[in-house]
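Heads up, the sequence shown is in the working numbering, so the first residue is 23 and it goes up one at a time.
Here is the structure we will look at, set down as C-alpha cells.
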Amino acid sequence: MSAWLVVAGVCLAAVSGVPGLLCDRASRGGERLAAALLLLAGIAGVAGSALAIANGPSTIDLPWQVPGGAFGIRIDAIAAMFLLSIFVIAPLNAVYGLGYWPQAEHPRDGRKLRLFYGLLVAGMALLVAASNTMLFLGGWEMMALAAFLTLTAQDDQPEVREVGYIYLVATRLGTLCLFAFFALLFVARGDFTFAPVAAGTTPFIANTIFLTGLVGFSLKAGVMPLHVWLPGAHANAPSHVSALLSGVLLKLGIYGLVRLGALLPDPPAWWGVTVLALGAISGVLGVAFAIGQHDLKRLLAYHSVENIGIILLGLGLALLGRSIGNPLLIVLGLSGALLHVWNHGLFKALLFLAAGSVLHATGTREIDQLGGLARKLPLTALGFLVGAVAICGLPPLNGFVSELLIYLGLFRAAASHQALLWLSGALVAPALSLIGALALACFTKAYGAVFLGEARTERGAHAHEAGGRMLLPMALLGLACVVIGLFPPLLTPVLDSAVAAFAPGRLPAPLADLAPLGYVSAVAAALWLALLAAGWLLLRRVRSAEISVPTWDCGYAAPTATMQYTSSSFAQSVVGLFAFALRPDVHPPHLSTSPFPKPASFESHVADVVLDKTILPLGKRLGDGATWLKGFQRGASQTYVLFVLLTLLALLLWRT
23 MSAWLVVAGV
33 CLAAVSGVPG
43 LLCDRASRGG
53 ERLAAALLLL
63 AGIAGVAGSA
73 LAIANGPSTI
83 DLPWQVPGGA
93 FGIRIDAIAA
103 MFLLSIFVIA
113 PLNAVYGLGY
123 WPQAEHPRDG
133 RKLRLFYGLL
143 VAGMALLVAA
153 SNTMLFLGGW
163 EMMALAAFLT
173 LTAQDDQPEV
183 REVGYIYLVA
193 TRLGTLCLFA
203 FFALLFVARG
213 DFTFAPVAAG
223 TTPFIANTIF
233 LTGLVGFSLK
243 AGVMPLHVWL
253 PGAHANAPSH
263 VSALLSGVLL
273 KLGIYGLVRL
283 GALLPDPPAW
293 WGVTVLALGA
303 ISGVLGVAFA
313 IGQHDLKRLL
323 AYHSVENIGI
333 ILLGLGLALL
343 GRSIGNPLLI
353 VLGLSGALLH
363 VWNHGLFKAL
373 LFLAAGSVLH
383 ATGTREIDQL
393 GGLARKLPLT
403 ALGFLVGAVA
413 ICGLPPLNGF
423 VSELLIYLGL
433 FRAAASHQAL
443 LWLSGALVAP
453 ALSLIGALAL
463 ACFTKAYGAV
473 FLGEARTERG
483 AHAHEAGGRM
493 LLPMALLGLA
503 CVVIGLFPPL
513 LTPVLDSAVA
523 AFAPGRLPAP
533 LADLAPLGYV
543 SAVAAALWLA
553 LLAAGWLLLR
563 RVRSAEISVP
573 TWDCGYAAPT
583 ATMQYTSSSF
593 AQSVVGLFAF
603 ALRPDVHPPH
613 LSTSPFPKPA
623 SFESHVADVV
633 LDKTILPLGK
643 RLGDGATWLK
653 GFQRGASQTY
663 VLFVLLTLLA
673 LLLWRT
C-alpha cells in the first residue's frame, strides 16, 4: 500500500504543470491547480513514506518492456527518509511560487516553469523509489533534464543560459559515470537490481564500482571540487527552484552514496577515509568561499557545499564502522548524516525562500546594496534568523542535533585504540568545529549587512514585506526547525530503521541509548524559555526608551550608511586567512595624505577557483590552440573525400 501511495505522488507531481498549458497565459487557474496537485502529491508521498517506516519495506514488481528493466519499486526506511524530504519541501516551494512567480507577472515563462518543476519533483521521487537500475536511470535523467529546464526558466538572460550550460555539461558527465557504475554493478550481481553485491566480488570490480559511483553521485551532490555547476545555478534560478535544488536535489547524490556504501558488507577502509577527506575539504572550503561572496544567493549556494561536506563526514564515519566492524560508528555516523539531510533541506529551503523575499522586495541580491531590512521585512528577517542559527549548528534548533551525533561518532573514533580510527577522529573533529565557527562568522556578516543597520540604497529604504503565500511556507519550515531541535528523541525510531536497512543485523543498541537526546531536548526547552523571557524584557525596554540615534552610529554626529561594514570589509580577515585556496581579487583603498582626501573604498571578490580560474581558462586555451583545425573544414566535398582516401591508405599501409 505504501509503495502505491508513493507512485500516486509521483504521478500527481508529474502532471501538475500540464493543466496550466491549457489555460490562458494571464490566467491564475493553472498555477493554482499546479500547486494543489503538488500538495496532493505531497500528502500521498508523505503518507506512503510514513507507512513504510512504520510497517516495514513495501515493494512493487511489474514487467516492463525495456531490455533488462522492470518497474521495480522498493520503499525501505532509507528511501522513505529521502522521500519525506522531497514531498514536504517541494509542495511548500510551489505554494511560495504563487506569490513569488505569479503567472500574471511572468506570462513568458510561468507555465513552462511549473511544468518542469512538477517533472523535477516526479523524477527525484521516482529514482529514490526505484529498485531496478534502468528505472533509477530513467528517474535520474528525468530529474537532471527537468532541473536544467527549471533553472533556465529565464533563458532570455545570457548569465542564466551560461550557468545552465555548465550544469548540463556537469550532469552529463555524472550520468556517464553512472552508466559505468551500473554496468559494473551488473557484472558483479548478474542482474539490474540496485542491491548489495555478493561478498566474493573481486577487489578490482568492487573498487571500480566505488570510484565510478563516487564521481557520478558527487557531481550531483556538489562535493568539492566537483561543485562547479552549483553556485551559479542556485544563484540564478528562481528562488523557490533554488530552495528545491539546494534543499532536495543535492541530497539525491547523497542518496546514491548511501546506497553505494551499503553495496558491500565489509568495504575497504580507504572508502571511508576517502569520503571523510572529501567531506572535510567540502565543508571547510565551502564555507570559506561563502564568506567571500557579495551575492546573497551565491553565498547560500556555497553553504550547500559546506553542509554536503558535513553529511559526508557522517557517512564516511559509518563506512569506517562497516570496514572495521564498529557498529557504534555506523549508528552515530549514519544517523547524523541522514538527520542532517533532513535538517539541511529544511533550513536551507527556509534561507533561500527568505532570500527570495528580499529579492522580491528590493530587486537585488547584492549584499552591499541592502541593509536595514529588518524594519521593512520583520517576518522575513525572523525567518532568515531562524535558518541562520540552524545552519550554524547552534542550539536550540535542528542543525545542532545532527551535528552533535556526528561529533559523538568522531569522539568515539578518537577514543579508539585502532590507529586509523583515532587518527580520523582526531583530524576530522577539529575540521567540523572549524566549519561551525566559519559558518557563524559568515551568517553574522550576511544577517548584519542585509537586515541590520541602515538602508544603503533607495531599494532597501522602500522595501515591502512579502505576502501570505510566501510567508506561510517560510513559517512552516521554521517551525519544523524548532520542533526537531526541541524534540529530537521523537526521530530516533526513524533513524534506527534507516541504520538497520543500511547495515542489517549491526544495530548494537537504539540510538536513544547512544546519544543523550533527552538532555538535548531539556536544554533546548530551557533555552527557548530563556530566549522568550529575554525577548519580552528587551521589547518592553525598547518600547519605553526614546531612541534618537540610528543603529551603528559609532558616536558620529552625522553618520551615513557608507560607514557600515560592507561584505568585503567584514570578510577581509577570514578571506585573507584562506587566500591560499580562495585566490581573491583584492582592490585595497588608495589613501591620500592631503588635508581633504578623496573617498576611498576596499573591495575583494572571490571567484570560484575550480571553474572560473581553472576549467574555463584551460578550455579557452585549448579552444584557441585548436583553431588550426579549421583549415581542414573548407566546405568542399572533394576535400573531405580526399581526407577519407588518405585515411584509408594510411590504415592499409599500417595493416601491411
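Even glycine gets a Cβ: it sits at the ideal position worked out from N, Cα and C.
Everything numeric in this text was worked out from a predicted model, so none of it was measured.
Legend entry - Cβ pair alanine 107, alanine 25 closer than 7 Å: The sequence given here has serine at residue 107, not alanine. No, the Cβ-Cβ distance between serine 107 and alanine 25 is not below 7 Å.
Legend entry - Same chain only: Cβ atoms within 8 Å of leucine 272, ignoring 5 sequence neighbours per side: Lys242, Ala243, Gly244, Leu252, Ser326, Ile330
Inset, instruction - Label histidine 362 either buried or exposed according to how many other C-beta atoms from any shown protein chain fall within 10 Å of its C-beta, with 16 as the threshold for buried. - result: buried
Legend entry - For threonine 588, the three-state DSSP class (helix, strand or coil): coil
Inset, instruction - Can you say whether methionine 23 is buried or exposed, counting buried as having 16 or more other CB atoms within 10 angstroms of its CB? - result: exposed
Inset, instruction - Please specify which runs of the alpha helix (DSSP H), each continuous and at least 4 residues long, are wholly inside the segment 168-242, giving them in chain order. - result: 180-211
Inset, instruction - Locate the beta strand (DSSP E) running through threonine 386, then write down its first and last residues. - result: Unbroken run through threonine 386: none, as it is neither H nor E.
Inset, instruction - Could you tell me the distance, in whole angstroms, from the CA atom of alanine 302 to the CA atom of alanine 410? - result: 21 Å
Inset, instruction - Output the distance between the C-alpha atoms of leucine 190 and isoleucine 75, rounded to the nearest integer angstrom. - result: 35 Å
Inset, instruction - With distances taken Cα to Cα, identify the nearest neighbour of alanine 265 among Met492, Gly222, Thr386. - result: Met492
Inset, instruction - Ignoring anything shorter than 4 residues or poking outside the segment 247-330, list the alpha helix (DSSP H) runs there in chain order. - result: 252-258, 261-266, 272-283, 291-313
Legend entry - Local conformation of glutamate 487 per DSSP, three classes: coil
Legend entry - For leucine 142 and alanine 35, the rounded distance between their alpha carbons: 8 Å
Legend entry - Strand pairing of isoleucine 332, partner residues [DSSP]: In the DSSP output, where bridge partners are listed per residue, isoleucine 332 has none listed.
Legend entry - Neighbourhood of valine 516 by C-beta distance below 6 Å, restricted to the same chain and skipping five residues each side: Ile75
Legend entry - Per-residue burial, phenylalanine 201 [other beta carbons within 10 Å of its own, 16 or more giving buried]: exposed
Inset, instruction - Check whether the Cβ of leucine 668 lies closer than 6 Å to any heavy atom of the ligand PLP, and answer yes or no. - result: Questions concerning the ligand PLP fall outside what the structure shown contains, since it holds no ligand whatsoever.
Legend entry - Element boundaries [alpha helix (DSSP H), containing alanine 92]: First-last for alanine 92: 92-97, but that is the beta strand (DSSP E), not the alpha helix (DSSP H).
Inset, instruction - Output the distance between the C-alpha atoms of leucine 445 and alanine 435, rounded to the nearest integer angstrom. - result: 8 Å
Inset, instruction - Quick one: measure Cβ to Cβ for isoleucine 457 and glutamate 328, integer angstroms, because I've assumed they're closer than 8 Å. - result: 6 Å
Legend entry - Proximal residues to tyrosine 118 (C-beta, below 6 Å), its chain only, five neighbours per side dropped: His262, Leu375, Met492, Pro495
Inset, instruction - Give the DSSP-derived three-state secondary structure of asparagine 348 in the structure shown. - result: coil
Legend entry - The beta strand (DSSP E) enclosing aspartate 607, as first and last residue numbers: 607-609
Inset, instruction - Count the other CB atoms, across all protein chains shown, that sit within 10 Å of the CB of methionine 585; report buried if there are 16 or more and exposed otherwise. - result: exposed
Inset, instruction - Quick one: grab the DSSP three-state call for proline 400. - result: helix
Inset, instruction - Figure out for me which residue from Phe208, Gly358, Asn258 has the closest Cα to the Cα of lysine 319. - result: Asn258
Inset, instruction - Give a yes or no on contact between the segment 592-599 and the segment 449-468, applying the rule of three or more CB pairs nearer than 8 Å. - result: yes
Legend entry - Any 3 or more C-beta pairs closer than 8 Å across the segment 386-404 and the segment 350-364: no
Legend entry - Helix, strand or coil at proline 53 according to DSSP, with G and I counted as helix: Before going further, note that residue 53 is glutamate rather than proline in the sequence given. Residue state, collapsed to three classes: helix.
Inset, instruction - Just mark proline 113 as buried or exposed, buried being the case when its beta carbon has 16 or more other beta carbons within 10 Å. - result: buried
Inset, instruction - With a cut-off of 8 Å on the beta carbons, I'd call aspartate 131 and glutamine 176 a contact; round off their distance for me. - result: 6 Å
Inset, instruction - Could you tell me which of Thr402, Leu462, Gly645, Ser49 sits nearest to alanine 497, measuring between CA atoms? - result: Thr402
Legend entry - Residue span of the alpha helix (DSSP H) that contains leucine 135, given as start and end: 132-151
Legend entry - Start and end residues, beta strand (DSSP E) containing threonine 81: 80-85
Inset, instruction - Report buried or exposed for glutamate 680, applying the criterion of at least 16 other Cβ atoms within 10 angstroms of its Cβ. - result: For residue 680 there is no data in the structure shown, the boundaries of the chain being 23 and 678.
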